[in-house]
Each structure stands twice: as structure tokens, then as C-alpha cells.
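Peer 1:
2 protein chains.
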Amino acid sequence: MPVIMDKIVSLCKRRGFIYQSSEIYGGFGSCYDYGPIGVELKNNIKRVWWKAMVQDRADVVGLDSAVIMSPKVWEASGHLTAGFADELVECKKCHHRFKADELKDKTKCPDCGGKLTIPKKFNLMMQTYVGPVQDEAAKTYLRAETCQGIYVNFENVLDTMRMKIPFGIAQIGKAFRNEITPGNFTFRTREFEQMEMQYFIKPGDNDKYFDEWKKQRMDWYLNNLGIKKENLRFREHSKEELPHYARKAVDIEYNYPFGFKEFEGIHDRGDWDLSNHAKHSGKDFSYFDEKTKKKYIPNVVETSGGVDRSALVVLLDAYHEEKVRKETRVVLKLDKDLAPIKVAVLPLVRNKEEIVKKAKEVYEILKPHFMSMYDDTGSIGRLYRRQDEIGTPFCITIDFDTLEDKKVTVRDRDTMKQDRVAIDKLIDFLQDKLAKR
Amino acid sequence: MPVIMDKIVSLCKRRGFIYQSSEIYGGFGSCYDYGPIGVELKNNIKRVWWKAMVQDRADVVGLDSAVIMSPKVWEASGHLTAGFADELVECKKCHHRFKADELKDKTKCPDCGGKLTIPKKFNLMMQTYVGPVQDEAAKTYLRAETCQGIYVNFENVLDTMRMKIPFGIAQIGKAFRNEITPGNFTFRTREFEQMEMQYFIKPGDNDKYFDEWKKQRMDWYLNNLGIKKENLRFREHSKEELPHYARKAVDIEYNYPFGFKEFEGIHDRGDWDLSNHAKHSGKDFSYFDEKTKKKYIPNVVETSGGVDRSALVVLLDAYHEEKVRKETRVVLKLDKDLAPIKVAVLPLVRNKEEIVKKAKEVYEILKPHFMSMYDDTGSIGRLYRRQDEIGTPFCITIDFDTLEDKKVTVRDRDTMKQDRVAIDKLIDFLQDKLAKR
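Read top to bottom, the protein sequences are chains V and A.
Per the working numbering, the very first residue in the first sequence carries number 12; after that it's consecutive.
Per the working numbering, the very first residue in the second sequence carries number 12; after that it's consecutive.
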């Protein structure tokens, strides 16, 4: 693993961002748990996405569909057939399995040198059983993508929200894929959280809206998540790479420590999903266009990103080391909107009762207004380092002068510049500094 | 189903709160999807809970653990053994299954009159397989409660966040239970979202913190969710009812149309979970008390509520019918914090271009600040009725006078009182009205 990845994994564990799932039992299946700092980061990413994609747009509404759906959904979508499966080969000797297309030498097992079987399809969907009888009738799957919950609710949303094409439905939620080769920390996991939006359009408008959403999503990563421009790029899929549902696909790629790889996908899904659900359900999903007085099956442009991957990219992109008085300062230069803790309140010394008491008072004042933290479990230098490592934009110290002049020191994470601010002006001061410009 | 439940189910579908999952395929397994209005209600409930339980408390931090964990977690927690199973009997003729303790006549099948088997244990956990080989080694379960993700991270959180007992860890997330008898709309479903908090305490302090959390949680339902006092009560579980992990359990019950039933549970789990995980993982979860210089296994007081059940209760409790000019007005008198849409912008007439244009301008002004909706697809009376039915606190109408005096009419949902407000004062006016007092 590249050095920077090691550093991020270690910081994530050390500072309460991300822990290995079921760690006390030796971990499990490429799943991760978000600690107290990580869950705030994820919640902020979701909130910022929801505001840009739902609240700020007249033409997009939200949805939250169930993880477990009828298996018929996955028959219709093509996920149970060849379209959503990997080709695996198995070693006849050690029985290890490998992705066929990742093997350089396809004649023998890379682990033991044994002979390999011919490739067999392995479906990525995780199955479960619903209802008291565990037989085929009750067998279904954990969703492998949130967007199918959007398609099966297309008509419900259209009718109850009186939408007119073009319009979109956005959703944030968990999805599950039985990946053969998960890895690179939280980059590819078996359980993950998607942020998807399906934009329903008139057939023929595909390229126009495809280009529009490409631009919108790139702008969101630059302006809302604050990702560095040089670390993002577009990559169009070749015909051979296209997923089974897509007519066209462009990835926004990020420059991870392991190279430029997928971050978000923008897909022209045509009428693949609605047509297939119409066929399988016997419903008619054609849309009556009031202007042209004609009916058509809407086409879809999809934007498909992830919460976990966004969190990983945000951490990688914000990670910064600098020399300060011959010591290395590690600081996460997070966009203020995304910072898990907005302000930390730190007593300059912890063995003076009046100072600790005053610091706790200031913390109580700020807490209802900002996600705040109080910390007195170390020297002030150590307390600053901790907050720098979790990207807290402002640290407030209470010192002996505070007891006299009722002012505190506010330290800026990025510039390390310090301001003296009156306690009764603190909320306004911070609200102004934290406001998005 | 009681009349009021029918009305709520119908309103939920009609207004975009809740749809049956996989409805186009005939529905599936007691799962539900939240529509554009419902997802906003759920997000508001979650936000209000997180603020009260995490942001506003110095002693509680958040967590977001994975749905899929090592099966060893569920061996240790007792969920795979008798503790988390229902007794089922099967009809030898029609093969329908029934909960043994729900059958009045235990000698014959209530469906066909056939003979019944003796009761057999049926486990409520949903299983799945992780990894490329579907055999016993890869078998695991979807979590049946979010709190196990908290216990297995107890040490991680304690260390990385430098917590001191007493402290709590709070989590919101999906859980899955293969309920035999789901029902009453979203009251009991197989997929649901929990809001749980585990408070780690010194053994012996159990009763003190149990009583404190009982009060805190009841206050939250009264003050933050705005539930009517007469519809809530406590009920202590008898010894026979206690879940396998609990030493004591008190439910907060709500007066549903089908009677007083469970809403949230407060449980004294003693050291059941940490001791069992210590035993199964070989780790030592004892805590060193700096004051007494003694070690102990922390005890736990748990508060366990649900997002879906909160949404259902909020809808039932806010539902209100009243006679206005001989017509029935249906209005959801939701707490303003919970209202999915805070403000709707409605042109008085939709066939006057200037008015529609001005209304859209006002909508654009408000949208970045409040979850807003623009609607011009009906007469003003119908538009008001729609907003009343989703509990929108304020409706703004743009009329001919607006074009002259640059003022709009703001209608209050509850009083139906109307104010004329200047467009450039609108944001301040609404922010003030929507502020929590």
C-alpha cells in the first residue's frame, strides 16, 4: 500500500474516523465502521449532496426506498443474469478462486500452481430469505444499486409530486455487492452507501442532459467537496467496458495514491430500466407529453456516486503535512462545511480549576450552535495537533487573561493565526467565519 | 384496520410520504419506501434526534457501523441461540406457519382446520453469504439491532475519543428482522431504521441512569417530536417478558389506533453484552476507574427507538380534521422542525404570466434557505389543501397586488391567519417564525 494510504488508514483509526468492522473478531469481509468523527464527516457529505441535488433544485425530489425488494426487480433489471456477474476460475488443487480477467497466466493457479477450471459466472448480488419458510419462494437479494428503488417508484413519484419531464429522483442509501476483490481500504467494499440521482428525460435529449450533469457533478466535487482540480478528470468508457444497462458512461476519476480510478459514474441508461420493468410488471411507464401530445418511454441520465468513496477522497485530498518549528504538523485542510467538529474548546492549562470551569462554560455556550468538542486531556500543543488531524477549523483556548478580560483566543486551522474574541461575540464571529461564501 | 389508520395509509400514498415497496410487482415482504415528502420527514426526525443525543451532549458521541458483521458477533450476543427466536407451529395440511403464542386454539390450523406440528424455534435473523464461495464459512447475518456494532467498537471509541465513564455511543441505522407477523403498516416491518444509544456506566449506578434516560427520552418525544402527552405512557416489562439481554425494561408506549403499544424501549442490559464479547473475543473490556483505582466491566443502559415508528407516530399524532366553511380540512399539525416542506410558493392564478413569473422568482429566493416547494397545478384552494395535508407551516401566495406593492400573503397552517409581508423581508420573517423557541 502506498505510504500516504498507510498514513490515512492509521489516522482514521487513531482519530475515530474509520475502524475495521468486527475488529475484535479479526475483522470481516471488507466492511468498515465509522467512528464518532467519521460519522460526522459522512453526515456532512450527505447533507451537502442533498442540498445541492434536492433542496436547491426545483426539478429533483428525494426518495428513500428499502434495501430488500422483490426478486422480480432484479430479474427485470438484468442483475440476476449475465449482466452483473464476474467470471471466476477455481484452482482444482487449493480451491482458491480468481477473477478470470485479472489472471496474467491463465493456465495455472497463482497461489499453488495447480490446474484451473474453465471460467464460471459468479453473481455479485447478496441473497437472503424473507418470511418464515426458507425456500425458493422467499429468496431475495440485498440491493446492488439504489437506483432500482427509484425506477420501481417512477410512477408513484410522478403522480404524487405532479412532476413534469425533465425531472430527477435522488436517493442516498446502502447497497451491497459480493465483490471478489474488494480492497484499497474503503475504496471498494462489499457494503457501501450510494448517492444516486436518476434524471428522466425525453428520448433524444440524452446528450444534452448527459453533458449538463457531467458538468454539474464535476462542479460539485470542486466547489462543494473542495477537491483539488488537478486530482480529478473525466474518462469515457469504451464500448467493451459499458455496464449492461448503459448506452454511454463517463467516470469522474480521482487521482488516488494507487492511480486514477473511478470516483463517480455518469450514465446514459436510455430506456433500459423503465422498459424492462414495464415488460416484467405489465405496467405502462410511457409518459404523455402535453406539448407534443405524444407518448414516450422516458430515458434516464444517472449520476452515481458514493458516500464512502467521497469520504475517502476528501480525506486523501485534504491531508497535508508541513514543517512547523522543525516538527511535522499533520493537518486535514477540509472544507469547513465538511469538518466533523467545527470548534474545539481547550483550556490552556488543565490544573487550574477556574480556567477549566470557564472553558466548560464556553463549550456549553457553543455546543447548541456548532458541532463542538471539549478536550483537556493533554498539553495545549498536543490538543492542537489532535484537532489539526481531524480538520477542526477553529480552536478556542481559555487562558488566565480570559478570567479578566472575558476574551478567548481563536486559532485558525489553516493559517494558525490567532484572534482575541470576546466570549459574548463568539457565536457571531464563528457563524460568520463558517458561512459558505 | 381502524378508520384513522386507513386514512393515514391513504394520505401517505397520495401525498408522497410512504409507498409499498416493489408495489408494481405486488409488493414485498412488509417493506416500505419513503417518497419525496416522507424522506424529508425521516431526515428531520433523524437530525433532531442526533442534535439532542449527540451534538447537545458532552457525554455522548456518534457511530455508524456496518450492517454486515462477523457471525461471531451474533454468537456472542445470544441472537443465534434461543434468545432471539419465535416458537412456530406448522399446519400439516396447508403448511402455513403461525406463532405458537398467538394461536387461541392450539389444536388446529386457523386457516384450514388441519393438524398442527409441535412448536419449533424459528430464528429472526436474516442470513446472507459474503465472499465468492457460498458455504458455511461465508455465512453471516444482517444485523438485527444496531447496538451490537456499538459494543464491538466500545474499546475503539473509548481510546480514540478519550471518553470517561459514564458516556454514551449513539447510532442511527438499518436493522433487519424476519418477523413472523409484521403488520399495522410501518409499525412492525422486516426492514427498519433504529435510533439507539448505549450508555456505559459503573455497576451499581444502573437505576440512577435508567431513571434519568427514561425521563430524557419521554421529554424528547414531548418537546422535540411534539407528541401529545395523553398519548404516551410508560410500561414496565414483567420478568417473563424481558428480552434475553435485559435485567430491566420499560417501554414508552404510544396510543396507536390499534391500542397502546411499544414506541421506544429503555433497557438495563447490565454487563451482558460486553462480558459476552469479552468471553468470545478473548479481549478484556474492563475499565479502570481513576478515582477508585479499581477495574470493572461497564454496565449499559440502552435507549432503543425507531425512525419508521417515530415517523408513523408523528403522522398519527399530527393528523387533524376540522370543518372549514362546511368542508373538511385535513391538516398535519407537525412540529415545524419536522415539517418536510417549510414553505410553499403558490401563484393565486396560473394563467397570468406575470404572476407565475413573480411566484417562481420568490421560490428561487427562498429555496436555498428553506426546504421549499412551488406548485401551480391547481386552484388556490386545492393548492392550500395539498400543503395542509403534508403539514407545510407556511404558504405564500403571489397575487395581482404583489406586482404593485412587492408584498406577498403568508398563510399560517394552524391558524389560517394571513399576513402581508414584503418580499425582501420574507427570509427574516420565515426564519423567525420557524425558529425553535
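For every residue, glycine included, the Cβ atom is placed at its ideal position computed from N, Cα and C.
Source: prediction; values computed, not measured.
Let me confirm a value: D67 (chain V) is counted as buried when at least 16 other C-beta atoms fall within 10 Å, else exposed. Which label applies?
Peer 2: Residue 67 (chain V) sits at position 56 when you count from the first residue of the first sequence. Exposed, since its Cβ has fewer than 16 Cβ neighbours within 10 Å.
Peer 1: Could you check where the beta strand (DSSP E) with R340 (chain V) kicks off and where it finishes?
Peer 2: For this step, residue 340 (chain V) is matched to residue 329 along the first sequence. Residues 338-343.
Peer 1: Given that Y220 (chain A) touches chain V, what residues does it touch there, using C-beta distances under 9 Å?
Peer 2: Here residue 220 (chain A) corresponds to residue number 209 of the second sequence, with the count starting at 1. In chain order: nothing, as chain V lies at least about 20 Å away.
Peer 1: Would you kindly check if the distance between the Cβ of S76 (chain V) and the Cβ of N287 (chain V) is under 8 Å?
Peer 2: For this step, residue 287 (chain V) is matched to residue 276 along the first sequence. For this step, residue 76 (chain V) is matched to residue 65 along the first sequence. It is not a contact, given that the beta carbons lie outside the stated cut-off.
Peer 1: Report all residues from its chain with a CB closer than 7 Å to the CB of K226 (chain A); omit the five preceding and five following residues, and keep chain order.
Peer 2: Here residue 226 (chain A) is taken as the residue at index 215 of the second sequence, counted from 1. None.
Peer 1: Check the Cβ-Cβ distances between Q66 (chain A) and every residue of chain V, and say whether any is below 8 Å.
Peer 2: One-based indexing of the second sequence puts residue 66 (chain A) at position 55. Q66 (chain A) counts as touching chain V.
Peer 1: Going by the CB atoms, is the gap between I79 (chain A) and C42 (chain V) shorter than 8 Å?
Peer 2: Locating residue 42 (chain V) in the first sequence gives position 31, counting from the first residue. Locating residue 79 (chain A) in the second sequence gives position 68, counting from the first residue. Yes, the pair counts as a contact, with Cβ atoms nearer than the cut-off.
Peer 1: Could you tell me whether the Cβ of F211 (chain A) comes closer than 8 Å to any Cβ of chain V?
Peer 2: For the purposes of this step, residue 211 (chain A) is taken as residue 200 along the second sequence, with counting starting at 1. No, its Cβ sits nowhere closer than 8 Å to a Cβ of chain V.
Peer 1: Give the interface partners of F39 (chain V) over in chain A, defined as CB-CB distance under 9 Å, in chain order.
Peer 2: Here residue 39 (chain V) refers to the residue found at position 28 of the first sequence. Going along chain A in sequence order, the residues near F39 (chain V) (Cβ under 9 Å) are A77, I79, M80, S81, P82, K83, V84, V141, T151.
Peer 1: Chain A beta carbons: is any one of them nearer than 8 Å to that of E202 (chain V)?
Peer 2: By one-based count along the first sequence, residue 202 (chain V) stands at place 191. Cβ-Cβ to chain A under 8 Å: yes for E202 (chain V).
Peer 1: Residues of chain V with CB closer than 8 Å to the CB of A370 (chain A), please, in chain order.
Peer 2: Sequence index remark: in the second sequence, residue 370 (chain A) carries index 359 (1-based). Ordered by position in chain V, no residue passes the 8 Å Cβ test against A370 (chain A), which lies about 12 Å from the chain.
Peer 1: Using a 10 Å radius around the Cβ and a threshold of 16 neighbouring Cβ atoms, would you call K369 (chain A) buried or exposed?
Peer 2: Looking up residue 369 (chain A) in the second sequence gives position 358. Buried, because 16 or more other Cβ atoms sit within 10 Å of the Cβ of K369 (chain A).
Peer 1: Against chain V, does D282 (chain A) count as a neighbour if the rule is that its beta carbon must be under 8 Å from one of theirs?
Peer 2: Within the second sequence, numbered from 1, the residue matching residue 282 (chain A) stands at position 271. Not one chain V Cβ lies under 8 Å of D282 (chain A).
Peer 1: Near E207 (chain A), which residues of its chain fall below 6 Å by C-beta distance, leaving aside the five closest residues on each side in sequence?
Peer 2: On the second sequence, position 196 is the one that residue 207 (chain A) refers to. Correct list, in chain order: T157, C158, Q182, S315.
Peer 1: At the 8 Å Cβ level, is T171 (chain A) part of the contact set with chain V, yes or no?
Peer 2: As a first step, residue 171 (chain A) is located in the second sequence; it is residue number 160 there, counting from the start. Cβ-Cβ to chain V under 8 Å: yes for T171 (chain A).
Peer 1: So if I threshold CB-CB distances at 8 Å, which residues from the stretch 19-33 of chain V count as touching chain A?
Peer 2: Correct list: K24, R25, R26, G27, Y30, S32, S33.
Peer 1: Quick check on the burial criterion: 16 or more other C-beta atoms within 10 angstroms. Buried or exposed for E301 (chain A)?
Peer 2: Looking up residue 301 (chain A) in the second sequence gives position 290. Answer is exposed; the Cβ neighbour count stays below 16.
Peer 1: Mapping the DSSP letters down to three states, classify S383 (chain V) as helix, strand or coil.
Peer 2: Stepping through the first sequence from its first residue, residue 383 (chain V) is reached at position 372. Note: S383 (chain V) maps to strand in three-state DSSP.
Peer 1: What does DSSP give as the partner residues of L243 (chain A) in its beta bridges?
Peer 2: Against the second sequence, residue 243 (chain A) aligns to sequence position 232. Paired residue(s): A:Y265.
Peer 1: Which residues in the same chain have their Cβ closer than 7 Å to the Cβ of I176 (chain A), if we skip the five residues on either side of it in sequence?
Peer 2: By one-based count along the second sequence, residue 176 (chain A) stands at place 165. For I176 (chain A), where only same-chain residues beyond five positions count, the Cβ hits under 7 Å are F211, I212, K213, Y298, P309.
Peer 1: Taking all protein chains shown into account, do 16 or more other C-beta atoms lie within 10 angstroms of the C-beta of I19 (chain V), making it buried, or fewer, making it exposed?
Peer 2: By one-based count along the first sequence, residue 19 (chain V) stands at place 8. It is buried - the Cβ of I19 (chain V) has at least 16 other Cβ atoms within 10 Å.
Peer 1: For V335 (chain V), count neighbouring Cβ atoms within 10 angstroms of its own Cβ and tell me buried if that reaches 16, exposed if not.
Peer 2: Position 324 of the first sequence, counted from the start, is the residue given in the question as residue 335 (chain V). Exposed: under 16 other Cβ atoms inside 10 Å.
Peer 1: Kindly list, in the order they appear in chain A, the residues whose Cβ is closer than 8 Å to that of I35 (chain V).
Peer 2: On the first sequence, residue 35 (chain V) is found 24 positions in, with the first residue counted as 1. Those within 8 Å of I35 (chain V) in chain A are V163, E166, H288, S292, K294.
Peer 1: Contact between the stretch 30-38 of chain A and the stretch 337-348 of chain A is defined here as three or more beta-carbon pairs at a separation below 8 Å; is this criterion met?
Peer 2: No contact exists between the stretch 30-38 of chain A and the stretch 337-348 of chain A.
Peer 1: Quick one: list the residues of chain A neighbouring K4 (chain V), beta-carbon separation under 8 Å, in chain order.
Peer 2: Outside the displayed span of chain V (12 to 448) sits residue 4 (chain V), for which this structure offers no information.
Peer 1: Consider the Cβ of E51 (chain A): report whether some Cβ of chain V lies at a distance smaller than 8 Å.
Peer 2: Indexing the second sequence from 1 puts residue 51 (chain A) at position 40. Yes, E51 (chain A) lies at the interface with chain V (some Cβ there is under 8 Å from its Cβ).
Peer 1: Quick test of your reading: D328 (chain A) and K239 (chain A), contact by CB under 8 Å. State the CB separation rounded to the nearest angstrom.
Peer 2: Locating residue 328 (chain A) in the second sequence gives position 317, where the first residue counts as 1. Locating residue 239 (chain A) in the second sequence gives position 228, where the first residue counts as 1. Their Cβ separation, rounded to whole angstroms, is 6 Å, which keeps D328 (chain A) and K239 (chain A) in contact under 8 Å.
Peer 1: Could you check if H255 (chain A) is buried or exposed, using at least 16 other CB atoms within 10 Å of its CB as the buried criterion?
Peer 2: Here residue 255 (chain A) corresponds to residue number 244 of the second sequence, with the count starting at 1. Exposed, because fewer than 16 other Cβ atoms sit within 10 Å of the Cβ of H255 (chain A).
Peer 1: Tell me, please, whether the stretch 116-127 of chain A touches the stretch 48-62 of chain A by the rule of three or more beta-carbon pairs shorter than 8 Å.
Peer 2: Touching, no.
Peer 1: Within the same chain, show all residues whose beta-carbon is closer than 6 Å to that of D282 (chain A), passing over the 5 residues directly before and after it, in chain order.
Peer 2: Numbered from its first residue, the second sequence carries residue 282 (chain A) at position 271. Excluding residues within five positions, the ones whose Cβ falls inside 6 Å are I308, N310.
Peer 1: Using a Cβ cut-off of 8 Å, pull out every chain V residue sitting near M382 (chain A), in sequence order please.
Peer 2: Taking the first residue of the second sequence as position 1, residue 382 (chain A) is located at position 371. By Cβ distance, chain V contributes Q66.
Peer 1: DSSP state of C105 (chain A), grouped into three classes?
Peer 2: Within the second sequence, the letter at position 94 stands for residue 105 (chain A). Looking at C105 (chain A) - three-state DSSP - the assignment turns out to be coil, as it is neither helix nor strand.
Peer 1: Since L343 (chain V) and G402 (chain V) are thought to touch, with beta carbons under 8 Å apart, how far apart are those beta carbons, to the nearest angstrom?
Peer 2: Translated into positions along the first sequence, residue 343 (chain V) becomes position 332. Translated into positions along the first sequence, residue 402 (chain V) becomes position 391. Right, the Cβ-Cβ distance comes to about 3 Å (below 8 Å), so this counts as a contact.
Peer 1: Shorter than 8 Å from the beta carbon of P254 (chain A) to some beta carbon of chain V?
Peer 2: Along the second sequence, read from residue 1 onward, the residue named residue 254 (chain A) stands at position 243. It does not: the Cβ of P254 (chain A) has no partner Cβ on chain V nearer than 8 Å.
Peer 1: Identify the contact partners of D319 (chain V) in chain A, using a Cβ-Cβ distance below 7 Å as the criterion.
Peer 2: On the first sequence, position 308 is the one that residue 319 (chain V) refers to. Result: empty, since nearest Cβ-Cβ is about 10 Å, beyond 7 Å.
Peer 1: Could you name the residues of chain A that P47 (chain V) contacts, counting a contact when the two beta carbons are closer than 7 Å?
Peer 2: For the purposes of this step, residue 47 (chain V) is identified with residue 36 of the first sequence, where counting begins at 1. V72, G73, L74, V168, M172, listed in chain order.
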